[in-house]
Amino acid sequence: MKLTIKNTDKHLDYTISKGETYSMRMNANGEGISPMEALLGAVAACSSVDTEVILEKMKQKPRSLRVEASAKRVEDQVPKIFKEIHLKFILEGNNIKLPSAEKAISMAVKKYCSVGSSLRPEIPITYEIEIIPTKE
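This is the structure:
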């Protein structure tokens, strides 16, 4: 895995590139996604991918899967690391069974998500699940 991070002509603004094919901007000036927000998003995205793969194996593919991610940070020290992360999984579809969703999300968050597993083990990642039946 290799990325290139380069500052732009704006203060505290950077471009992250993956070769010549893909880039995204990140900044710490309040205008866009900060590095900590990107990390939170990476935990949510990683858990989402793993959840979707596991649900597909259970023959319960959701029509849509959304995660609302939130985190609290330690404010009285530097670095201001996460002290907790919460993920709200919102699954839409008619064939989604709660026990299957609970199993898939638990496995994704606690076992398979490489991003979450790369964080300090004392940072809890909690989750909740909402299933919205769709009108077919």
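Those letters in the sequence shown? Residues 24 to 159, by this note's numbering.
By construction, the Cβ of each residue, glycine as well, lies at the ideal position given by its N, Cα and C atoms.
As the structure is a computational prediction, the values presented were derived from the model and not from experiment.
Straight-line Cα distance separating residue j from residue i
i: T149; j: H109; result: 5 Å
i: G64; j: P156; result: 26 Å
i: V66; j: G139; result: 5 Å
i: R96; j: V72; result: 25 Å
i: K82; j: V132; result: 20 Å
i: T38; j: T44; result: 13 Å
i: M130; j: M24; result: 25 Å
i: T31; j: N118; result: 47 Å
i: L142; j: M59; result: 12 Å
i: I113; j: S40; result: 30 Å
Local Cβ density within 10 Å of residue i, reported as buried at 16 or more and exposed below that
i: S87; result: exposed
i: I2; result: Outside the displayed span of the chain (24 to 159) sits residue 2, for which this structure offers no information.
i: P144; result: exposed
Proximity to residue i [Cα-Cα], best of the options
i: E153; options: M130, S57, K103 and R89; result: R89
i: K126; options: K41, G116 and E79; result: E79
i: E115; options: M49, K158 and G53; result: K158
i: C69; options: G53, P102, I128 and P144; result: I128
i: G53; options: K41, K33 and K84; result: K33
i: Y135; options: K111, E75 and K120; result: E75
i: P122; options: E151, G55, M47 and K41; result: E151
8 Å contact criterion, which residue i and residue j should meet: CB distance rounded
i: I146; j: E98; result: I146 to E98, Cβ: 15 Å. No contact.
i: F105; j: A94; result: 5 Å
i: L35; j: A61; result: With 8 Å as the limit, L35 and A61 do not qualify as a contact, their Cβ atoms being about 14 Å apart.
Q | Uninterrupted beta strand (DSSP E) stretches inside the stretch 94-137 (no shorter than 3 residues) | A | 105-115
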